[in-house]
Amino acid sequence: MGSTKATTAPSSPHFLQPLITLDASLSLFLHTLFKPILPTFLLLLLEYSADFRFSFPVSLSLFLPSPSLSSLAIPLILGHLLDLALIGLIKLTFRRARPHYNPNMSPAVHADNFSFPSGHASRVLFLATLSHLVFQNNEELVSDFIQRWIKIEPEFVLLGVWVWAIMTATSRVLLGRHFFFDVLAGAFVGVLEGIVAYRFLRF
1 MGSTKATTAP
11 SSPHFLQPLI
21 TLDASLSLFL
31 HTLFKPILPT
41 FLLLLLEYSA
51 DFRFSFPVSL
61 SLFLPSPSLS
71 SLAIPLILGH
81 LLDLALIGLI
91 KLTFRRARPH
101 YNPNMSPAVH
111 ADNFSFPSGH
121 ASRVLFLATL
131 SHLVFQNNEE
141 LVSDFIQRWI
151 KIEPEFVLLG
161 VWVWAIMTAT
171 SRVLLGRHFF
181 FDVLAGAFVG
191 VLEGIVAYRF
201 LRF
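Per UniProt numbering: the sequence shown = residues 1 to 203.
Structure follows, in structure tokens:
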């Protein structure tokens, strides 16, 4: 567990205090309302599914079944690394403490002591945005790969990715891992990362 010293945030500008108070109140309300209703194992499953230590190896594995996908796998891998670096930098800059009701949180790295923005939200929205752009602009190649290996209509796979991304981002507030605006900011960063990765990180 991180020490309270490690999670102490610098004081926020006075004009932001009403927004921060609203964010904290809304987040606690949502956590208190939905946490008893939703199965904890489902929320934790969503959390683990979007962990970098899981999603990055899965991205690497795309090189194995089809060499023709390498041009699509490269932005996926580089985008993961961009997300890791960018979110870590922002967290260490703002140093916002996580919610006080955040249960059993064991950060893997020092930056994970901090809450703003949500790395899980940025990661899943990055993946959903990149998947959408890849499918939209490489439909034939992606459809062939999906139908060969997964045997599901590509449109359903893309829909599933978006549903998973939204559920995972939402679960960060319901689990008490983040405040609402942390997730909103993380989602915004993730969408931008997806666009950047698709436009500029393909080789």
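All residues carry an ideal CB built from backbone N, CA and C; glycine is no exception.
For His-100, there is no enclosing alpha helix (DSSP H), as DSSP gives it neither H nor E. The DSSP-derived three-state label of Phe-114 is strand. Excluding its 5 nearest sequence neighbours in each direction, Asp-182 has C-beta neighbours in its own chain below 6 Å: Ser-115, Phe-116, Pro-117 and Ser-118, listed in chain order. Where Ile-20 is concerned, the enclosing alpha helix (DSSP H) starts and stops at 17 to 34. For a cut-off of 8 Å, the C-beta gap from Asp-83 to Arg-53 is around 13 Å, too long to register as a contact. For the pair of segments examined, the segment 33 to 52 was found to touch the segment 170 to 189: the number of CB pairs separated by less than 8 Å reaches three. For Ile-195, the uninterrupted alpha helix (DSSP H) segment begins and ends at 180 to 200. With 16 or more neighbouring CB atoms inside 10 Å of its own CB, Leu-43 falls in the buried class. In this structure, the beta-carbon distance from Leu-125 to Ala-169 falls below 8 Å. Within the model, the alpha-carbon separation for Pro-75 versus Ile-152 is close to 24 Å.
DSSP places Ile-150 in the coil class of the three-state scheme, outside both helix and strand.
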